[in-house]
Ligand code: NAI
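Residue numbers (this note's numbering): 23 to 402.
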C-alpha cells in the first residue's frame, strides 16, 4: 500500500519534496499558508515535468498522473490521513515548535513527523510532542528532485521503528540515504564548512584573490565550482547564516569561525547571483576577473583546503556522526564533490595529509588547524 505523504511548506524545498513523493507514486498533500506559494509550486511542477516529457523520461500520461497525485491546501487539518509529514517551513525553532505541536493534534498515532531542517536540532523540534519517538530529521538537498542524497537523522527520542520506516520509505524514492547523528550541520553542512571557511581565510591573508582560489579548486581539485562562485550561488546571506549557526552550535569551536569578509559582503547586500553582486559582479556588461594561473600557488591553495576538508571528514567519523562510507557518500551525492574525502585521503596518503595539517597547526598555533585524533591514530 502506498503511504499518504504530507508536506508542509511549498517553498523551494517543500515543492521539490512533494514532486519526489508524487513521482514515487504516493498521494501527496502540500500545505502552505501562502496561496501564492502554492500557485508557484504548481506551475513550477508543471514546468519541471514538461522538461522530463521533452527529455523522454516520462510520457504525457505519467505527467498527468503525477500532477493528479498532489493536492494543494492551506490548512494542516488536511493532513489527518497522512502516514508521514515532512515539514519544510521557515528555519525558526519557535515556529517549528508551534507547528509540530499542532500537527500532533491532527494526525493518527503512528504518523511519522519529520523535519527537513538544515541546522536545528531534531531533539529540540521533537521536544514539544507527546509521542516524541515519531520525530525524525529527513534532510533533502536542493533541488530535491535532482540531488540523490537524503540525510536521515534520528533524535535521542526517535524509535527504531520510526527510523527503519523512514529509511525504507526514502530508499524506495530512489534516494541515497545516509543515517547520521543529531549534531550541528549533520554530515554535509558540517564537513563542507572548510570549503568556504578556509577559502575565505586564504583570501583574508592576502594569499590569492577570489578568482585564483576558485581556479585552484576547479583546476586542481576537479570541483564543479570554486568556493566563491558557489557561495555566490547559494547566497552569502544563507551561507553565512549556516556558518554562524554551526559555529554557535559547536560552542564556538574555532574550526567553524565565520569570516568578516563574508559578513561584510552580506551586510552590504552582496548576496551573490540573486542580487547581481556577491564576491563577483554579475551586472550586464561586466566581465568576471581572471585568475592568476600560477601552478605552485594553485596547488598550495587546493592542498590547504583539501586537507582541512579531510580533517573535518575524519572528525565526523571520529565523533560517530556517521560511518566512513556514509561520510564519503554524503559529500559526493549531496554536494557533488568529485571524490569522497576519506577515499581522497587514502589516495594522497594519510601521512601526507597529517604532515600538511601539522605544518599549518605549527605555523599558526590555532586550534582551527589541529589534526584529528583518528587521523593521527591511523598514521600511527
Ligand atoms: P522557503 O522560504 O523557500 O519556503 C518556506 C515555505 O514555508 C514558504 O512557502 C512559506 O510560505 C511557508 N511557511 C512558512 N511558515 C509556515 C507555516 N507556519 N505553515 C505553512 N507554511 C509555512 O524555504 P526553503 O528554502 O524551502 O526551506 C525550508 C526548510 O528546508 C528550512 O527548514 C530549511 O532550513 C530547509 N532546507 C533548505 C534548503 C535550501 O537549500 N533552501 C536545503 C535543505 C533544507
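Yeah, the Cβ is synthetic: ideal placement off N, Cα and C, and Gly gets one too.
Every value quoted in this text rests on a predicted model; they were computed, and no experiment measured them.
So, under 8 Å CB-CB, residue 197 and residue 172 are touching, yes? Tell me the CB distance rounded to an integer number of Å.
Taking the chain shown and counting its residues from 1, one reaches residue 197 at position 175. Taking the chain shown and counting its residues from 1, one reaches residue 172 at position 150. About 4 Å separates the two Cβ atoms, so the contact holds.
For residue 6, the residue or residues it bridges with in DSSP:
Shown here, the chain extends from 23 to 402; a query on residue 6 therefore has no answer.
Flag this pair as yes or no: are the beta carbons of residue 206 and residue 272 separated by less than 9 Å?
Mapped onto the chain shown, residue 206 falls at position 184. Mapped onto the chain shown, residue 272 falls at position 250. In contact: residue 206 and residue 272 (Cβ atoms closer than 9 Å).
Residue 54 and residue 60 closer than 9 Å at C-beta:
Along the chain shown, one-based indexing puts residue 54 at 32. Along the chain shown, one-based indexing puts residue 60 at 38. In contact: residue 54 and residue 60 (Cβ atoms closer than 9 Å).
For residue 26 and residue 105, which I take to be in contact (beta-carbon distance under 8 Å), what is that distance rounded to the nearest angstrom?
Position 4 of the chain shown, counting from 1, holds the residue named residue 26. Position 83 of the chain shown, counting from 1, holds the residue named residue 105. The pair is a contact, with the Cβ atoms about 6 Å apart (cut-off 8 Å).
In angstroms, rounded to a whole number, what distance separates the CA positions of residue 186 and residue 200?
As a position in the chain shown, residue 186 is number 164, starting the count at 1. As a position in the chain shown, residue 200 is number 178, starting the count at 1. Whole-angstrom Cα-Cα distance: 12 Å.
Relative to the C-alpha of residue 114, which candidate in 366, 298 and 267 has its C-alpha closest?
Locating residue 114 in the chain shown gives position 92, where the first residue counts as 1. Comparing Cα-Cα distances from residue 114 to each of 366, 298 and 267, the minimum goes to 267.
Is there at least one non-hydrogen atom of the ligand NAI closer than 8 Å to the beta-carbon of residue 268?
Along the chain shown, read from residue 1 onward, the residue named residue 268 stands at position 246. No, Cβ of residue 268 sits at least 8 Å from all heavy atoms of the ligand NAI.
How big is the Cα-Cα spacing for residue 160 and residue 174?
Start at 1 with the first residue of the chain shown, and residue 160 comes out as number 138. Start at 1 with the first residue of the chain shown, and residue 174 comes out as number 152. The alpha-carbon atoms of residue 160 and residue 174 are separated by roughly 5 Å.
Proximity test, residue 265 beta-carbon vs the ligand NAI heavy atom, cut-off 8 Å
Counting from 1 along the chain shown, the entry for residue 265 is found at position 243. The answer is no for residue 265.
Spell out the partners DSSP gives residue 206 in its beta bridges.
If you number the chain shown from 1, residue 206 lands on position 184. Per DSSP, none; premise fails for residue 206.
Comparing the CB of residue 141 with every heavy atom of the ligand NAI, is any distance shorter than 8 Å?
The sequence position of residue 141 within the chain shown is 119, counting from 1. Yes - the ligand NAI has a heavy atom lying nearer than 8 Å to the Cβ of residue 141.
Residue 54: beta carbon under 8 Å from a heavy atom of the ligand NAI?
Position 32 of the chain shown holds residue 54. Yes - the ligand NAI has a heavy atom lying nearer than 8 Å to the Cβ of residue 54.
Using CA atoms only, rank isn't needed, just tell me which of 402, 352 and 137 is closest to residue 376.
The residue you call residue 376 lines up with position 354 of the chain shown. Considering only alpha carbons, the answer is 402.
Any contact of the region 283–293 with the region 251–267, i.e. 3+ C-beta pairs under 8 Å?
In short, these stretches touch, since the Cβ pair count reaches three.
Restricting to Cα atoms, I'd like to know which of 142, 144 and 107 is closest to residue 135.
The residue labelled residue 135 in the question sits at position 113 within the chain shown. Residue 135 has its Cα closest to that of 107, out of 142, 144 and 107.
Classification of residue 117 by the beta-carbon crowding that lies within 10 angstroms, buried from 16 upward
By 1-based counting over the chain shown, the position of residue 117 is 95. The residue in question, residue 117, is exposed, as its Cβ has fewer than 16 Cβ neighbours within 10 Å.
If you run the structure through DSSP and keep just helix, strand and coil, what is residue 245?
Translated into the one-based positions of the chain shown, residue 245 becomes position 223. Look at residue 245 here: in three-state DSSP terms it is coil, with no helix or strand label.
What's the C-alpha gap between residue 338 and residue 368?
Residue mapping note: residue 338 aligns to position 316 of the chain shown, counting from 1. Residue mapping note: residue 368 aligns to position 346 of the chain shown, counting from 1. Each residue's Cα considered, the two are about 16 Å apart.
With a Cβ-Cβ cutoff of 9 Å, do residue 386 and residue 245 count as a contact?
Against the chain shown, residue 386 aligns to sequence position 364. Against the chain shown, residue 245 aligns to sequence position 223. In this structure, residue 245 does not lie closer than 9 Å to residue 386 by Cβ.
Based on Cα-Cα distance, which residue from 168, 170, 57 and 203 lies nearest to residue 176?
On the chain shown, position 154 is the one that residue 176 refers to. Residue 176 has its Cα closest to that of 203, out of 168, 170, 57 and 203.
Beta-carbon proximity check, residue 238 vs residue 332, cutoff 9 Å
As a working mapping, residue 238 is identified with position 216 in the chain shown. As a working mapping, residue 332 is identified with position 310 in the chain shown. No, Cβ-Cβ distance for residue 238 and residue 332 is not below 9 Å.
Taking the C-alpha atoms as reference points, what is the distance between residue 292 and residue 303?
Taking the chain shown and counting its residues from 1, one reaches residue 292 at position 270. Taking the chain shown and counting its residues from 1, one reaches residue 303 at position 281. Going from the Cα of residue 292 to the Cα of residue 303 covers about 9 Å.
What do you get for residue 262, buried or exposed, if any count of 16 or more other CB atoms within 10 angstroms of its CB means buried?
In the chain shown, residue 262 corresponds to position 240, counting from 1. Residue 262 should be labelled buried.
At a cut-off of 8 Å, is residue 100 close to the ligand NAI when judged by its beta-carbon and the heavy atoms of the ligand?
The sequence position of residue 100 within the chain shown is 78, counting from 1. No, the ligand NAI has no heavy atom inside 8 Å of this Cβ.
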